[in-house]
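A short write-up of the structure that comes next.
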Amino acid sequence: MSLPHSVRRWRTEWGNDIIFSHGTNTSKGVAVLFRADLSPTVSKKITDVHGRFIILDITVNNDIFTFVCVYGPNIDNATFFHTVYEHLESFKCDNIICGGDFNFVFNLTLDKYGGVQKTNFKARDACLSYLDKFSLDDVWRTRNPLSSGFTWTSNIDNIRCRLDFFLISKKLVNKVIDCYFQPPFSPIIRSLFCTVTSRQSPEVRGIGNLTTRYF
Numbered sequence: 001m002s003l004p005h006s007v008r009r010w011r012t013e014w015g016n017d018i019i020f021s022h023g024t025n026t027s028k029g030v031a032v033l034f035r036a037d038l039s040p041t042v043s044k045k046i047t048d049v050h051g052r053f054i055i056l057d058i059t060v061n062n063d064i065f066t067f068v069c070v071y072g073p074n075i076d077n078a079t080f081f082h083t084v085y086e087h088l089e090s091f092k093c094d095n096i097i098c099g100g101d102f103n104f105v106f107n108l109t110l111d112k113y114g115g116v117q118k119t120n121f122k123a124r125d126a127c128l129s130y131l132d133k134f135s136l137d138d139v140w141r142t143r144n145p146l147s148s149g150f151t152w153t154s155n156i157d158n159i160r161c162r163l164d165f166f167l168i169s170k171k172l173v174n175k176v177i178d179c180y181f182q183p184p185f186s187p188i189i190r191s192l193f194c195t196v197t198s199r200q201s202p203e204v205r206g207i208g209n210l211t212t213r214y215f
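Numbering (full-length UniProt numbering), first residue to last: 1 to 215.
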């Protein structure tokens, strides 16, 4: 769990800096973890007090990236995504890598199996409007235009959904080395990985699961 008193232990175990947005001891909480071989400079950050999002401007090998780490509400809350993207407007936004559990599906046909054919439509539509505004690409879908892949499963109801996305600047798409699902860590969660190269080595890597994103 992500709580203020555990910060030192997490950083020691990880071996490099971690930026947290803490939730409670039962829900929420996101973090950005920097690999041990990266020494990024963080020039600006916003961390949500409710443990729902982090936004960072960082410099890696003279490239400026804007990282956005999101854990969307379970309810259909368009206001949350308006808030996130309004904050984003004050960042550099040269190379955006936005990852997280958005708690909706983009395409009911491809991104959901079983259950009632509905999602958090208001939240989805709000997010879609900002994809256009910031010129972002759902990179896994671009690479798999007709495939179905799922990051969340309810074994009781036999429902599967792709709720986790990496939305990246379109100009970064051709720098993506891979973007794929890892076999499940648990019966209900799979991880989504994305690796993007900067102009120089090393790579900027994103790794996601249900409530925490590692870039």
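Note that beta-carbon positions come from the ideal geometry of N, C-alpha and C, so glycine has one too.
| Asked | Found |
| --- | --- |
| Could you tell me if Lys112 is buried or exposed, where buried requires 16 or more neighbouring beta carbons within 10 angstroms of its beta carbon? | buried |
| On a CA-only basis, which of His87, Val173, Val139, Lys171 is nearest Tyr180? Give me that one, please. | Val139 |
| Determine the burial state of Asn146: buried for a count of at least 16 other Cβ atoms within 10 Å of its Cβ, exposed for fewer. | First, the amino acid is wrong: residue 146 is Leu here, not Asn. Leu146 should be labelled exposed. |
| Can at least three beta-carbon pairs, one atom from the stretch 151 to 158 and one from the stretch 77 to 92, be found at a separation below 8 Å? | no |
| On the criterion of 16 or more Cβ atoms from any shown chain inside 10 Å, does Val176 qualify as buried, or is it exposed? | buried |
| Going by DSSP, what residues sit across from Ala31 in a beta bridge? | Phe20 |
| Leu33: which of Asp17, Cys93, Ile64 sits nearest, CA to CA? | Asp17 |
| In the DSSP assignment, what residue or residues form a beta bridge with Arg141? | DSSP lists no partner for Arg141. |
| Who are Lys122's beta bridge partners in DSSP? | Bridge partners of Lys122: none, in fact. |
| Just confirm the distance between the C-beta atoms of Cys98 and Val70, as a whole number of angstroms; I'd bet it's less than 8 Å. | 7 Å |
| If I measure Cβ to Cβ from residue 216 and keep anything under 7 Å in the same chain, skipping five residues before and after, which residues do I get? | Outside the shown range of the chain, which is 1 to 215, sits residue 216, and nothing can be said about it. |
| With DSSP collapsed to three states, give me the class of Thr83. | helix |
| Are Ile96 and Phe53 closer than 8 Å when you measure CB to CB? | no |
| Please return the same chain residues whose Cβ sits closer than 7 Å to the Cβ of Phe121, not counting the five positions on each side in sequence. | Asp76 |
| Note down, in chain order, each residue of its chain lying with its Cβ closer than 6 Å to the Cβ of Arg160, except the 5 sequence neighbours on either side. | Tyr113, Phe150, Thr153 |
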